Amino acid sequence: DLQQLSSIYPMEFAFSILLCTLRFPGTYSMDLMDTILVEIKRSKSYIMDYCIEKFNAGRTLEKIDDNIIGEALTLLFSFFDDYVATSESGNLDSIKYIRRHYPDSILYSDAHSFNALHGVCGALNKPIMKYLIMWHLERKPDGRGGLYEMNDSGITALDTLLDTQQDITTTLTWLRTHGLLTSLDVERWLLVHRAGHSSSINTIRFLLDLFPSGTSQEDDDGNLPIHLHISLRYRGPNTFSDRDFNILRLLIVHSINYGGIDSIGGLLYQEPEEEKSCTLTMLLEEVGEENIERVWQAVRDCLDEAGEYSNAPIVHAAILNKNHVPKKLFKEILVRFGATRRNEHDELPLTYSVRIGMGWEEGVADILEANRDAMNEVDSETNLPFFLFAASAKADLNTIYHLALKNLNIFTSQQ
């Protein structure tokens, strides 16, 4: 019956039956597979024309059996013709049969540079995924199992695995054990960035364990992982789920612990597309009005987890990053965290702001308003009163002028 039908519909039928036997568990039959391959050999020119027209946008392909089988492997977990692949899809026995007869078909990629690994990693059929990876390694030992081959959208098979948003740490551990996922891979392929907007929190933790400085790494557009978590993770407008907040806290705390103290874990880092804006501004706009206080509570939680104020001096960091912390946000930080605590160099915010040359209108006036007693400070190194220290430091001239007036007011009020 198969031979009769395939003679009537030589382009579609044998290929469709092949796809069915590869896709659906429990359909394996050696006799059926033998017959399918006979028909593919007999009608390969017609079948290849069909594949070129339907799946490859007319791309010229050599009309050989390996390309037909390879095309079927790339389509195994694809979504088309009302077929929806799941982690239960796929027939490993049929795939093993194909491997014995067409060992090089695993190296095939279609007109969009999509290979068999892209599909199986997206569907997350772990047994078949591992089998295809090992098969690819056998045929191309230096090919890293096909995991890092990009399609024409720049997406690798490993990217599609990360995009599942499931806890895939056991799979990642297997890849690491086989030398297919290293710290260098995480760095080179910006995997923390990818995971930050598309993966589970456990996956992000796994990748950060491999490459701890990943939270501070910029992509080509200047984005940190936290930027992509805020802007690219799929969510409704003005919504930020508990999961989103948990990942946010992870990225901030981890970054603080691994060198991101000056930007408070990236919160006060420059927003890539806005010179006068920072990550925290971007976050407050994304979450919606009803989640504003949750954001500030998350920030406070991260600071508390860092320990002493000097471990994450948010007011000092806002001063340091004054060029892209908007004035309104700077004032909000002062209101919420005050100006009375010292950084690791035992400096109050007022002393620090003057020393780095912050302008009076940029924020020194607001800092002084938040802690007037700071004018009574004596510099620990020079033993100079605060005003004389300010005049001797590389302070903004306008700042020195206003501080002089304040100092005069203090002096005359004491007379």
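1403 is the number of the first residue of the sequence shown in my numbering; add one for each residue after it.
For every residue, glycine included, the Cβ atom is placed at its ideal position computed from N, Cα and C.
Here the structure is a predicted model, which means the values were calculated and not measured.
Contacting residues, own chain, Cβ-Cβ under 6 Å from residue i (five flanking each side not counted)
i: Ile1535; result: Gly1547
i: Ser1480; result: Gly1521
i: Asn1527; result: Ser1489 and Gly1492
i: Pro1743; result: Checking the displayed sequence, the identity of residue 1743 turns out to be Arg instead of Pro. Counting only Cβ-Cβ distances below 6 Å, and skipping sequence neighbours, we find Tyr1711.
i: Gln1405; result: Note that Gln1405 scores a pLDDT of 48, beneath 50, so its modelled location is shaky and nothing firm can be said.
i: Glu1473; result: Cys1453
Beta-carbon proximity of residue i to residue j, cut-off 7 Å
i: Ile1649; j: His1631; result: yes
i: Ala1741; j: Ala1767; result: no
i: Ser1615; j: Tyr1660; result: yes
i: Asp1512; j: Thr1476; result: yes
i: Ile1500; j: Ile1470; result: no
i: Asn1553; j: Ser1601; result: no
i: Ala1792; j: Leu1805; result: yes
i: Leu1612; j: Val1588; result: yes
i: His1656; j: Leu1610; result: yes
i: Leu1586; j: Leu1577; result: no
i: Glu1551; j: Asn1517; result: yes
i: Phe1732; j: Ala1719; result: no
Status (buried if at least 16 other CB within 10 Å, exposed otherwise) for residue i
i: Tyr1754; result: buried
i: Val1727; result: buried
i: Pro1751; result: buried
i: His1595; result: buried
i: Lys1730; result: exposed
i: Glu1764; result: buried
i: Gly1825; result: Nothing about residue 1825 can be reported from this structure: the residues present for the chain run from 1403 to 1817 only.
i: Leu1799; result: exposed
i: Thr1562; result: buried
i: Ser1445; result: buried
Any non-hydrogen atom of the ligand PLP closer than 6 Å to residue i Cβ
i: Ile1449; result: The ligand PLP is not part of the structure shown, which contains no ligands of any sort.
Alpha-carbon to alpha-carbon, residue j and residue i
i: Val1522; j: Arg1651; result: 32 Å
i: Ser1507; j: Thr1573; result: 24 Å
i: Glu1783; j: Gly1556; result: 55 Å
i: Tyr1636; j: Thr1423; result: 35 Å
i: Pro1850; j: Leu1564; result: Not covered by the structure: residue 1850. The range shown for the chain is 1403 to 1817.
i: Lys1678; j: Asn1725; result: 6 Å
i: Thr1429; j: His1599; result: 38 Å
i: Pro1674; j: Thr1683; result: 12 Å
i: Arg1836; j: Asp1544; result: The first residue shown for the chain is 1403 and the last is 1817, placing residue 1836 beyond what the model contains.
i: Gly1759; j: Lys1796; result: 6 Å
i: Glu1734; j: Ser1643; result: 24 Å
i: Lys1498; j: Glu1540; result: 14 Å
i: Asn1693; j: Thr1641; result: 8 Å
i: Ile1654; j: Thr1617; result: 8 Å
i: Gly1761; j: Val1717; result: 16 Å
i: Asp1569; j: Ile1802; result: 56 Å
i: Ala1487; j: Leu1549; result: 20 Å
i: Leu1509; j: Asn1723; result: 50 Å
i: His1747; j: Asp1781; result: 11 Å
i: Asn1778; j: Phe1739; result: 21 Å
Own chain residues within Cβ distance below 8 Å of residue i, not counting five before or after
i: Ala1714; result: Ile1658, Ile1663, Ile1666, Gly1667, Cys1704, Leu1705 and Ala1708
i: Arg1757; result: Glu1749, Ala1795, Lys1796 and Ala1797
i: Ile1438; result: Leu1404, Ala1416, Ile1419, Leu1420 and Thr1423
i: Lys1443; result: Asp1467
Contacts around residue i, its chain only, beta-carbon distance under 7 Å, and the 5 residues preceding and following it disregarded
i: Pro1529; result: Leu1494
i: Val1697; result: Leu1685, Leu1686 and Val1689
i: Thr1571; result: Asn1604, Thr1605 and Phe1608
i: Tyr1504; result: Asp1467, Asp1468 and Ile1471
i: Tyr1533; result: Leu1494 and Ile1497
Neighbour flag for residue i against chain D, beta carbons, 7 Å
i: Leu1586; result: Reference to chain D is not applicable here, since this structure consists of a single protein chain.
Notebook entry, point to check: Can you give, in chain order, each stretch of the beta strand (DSSP E) that sits fully within the stretch 1599 to 1629 and has at least 3 residues?
Noted result: Fully enclosed beta strand (DSSP E) runs of 3 or longer: not present.
Check: Can you list, in chain order, the stretches of the alpha helix (DSSP H) that have 4 or more residues and sit fully within the stretch 1665 to 1753?
Finding: Segments of the alpha helix (DSSP H) lying fully in the stretch 1665 to 1753: 1681 to 1689, 1694 to 1708, 1716 to 1722 and 1729 to 1739.
Notebook entry, point to check: Can you list, in chain order, the stretches of the beta strand (DSSP E) that have 3 or more residues and sit fully within the stretch 1531 to 1612?
Noted result: Within the stretch 1531 to 1612, no complete beta strand (DSSP E) run reaches 3 residues.
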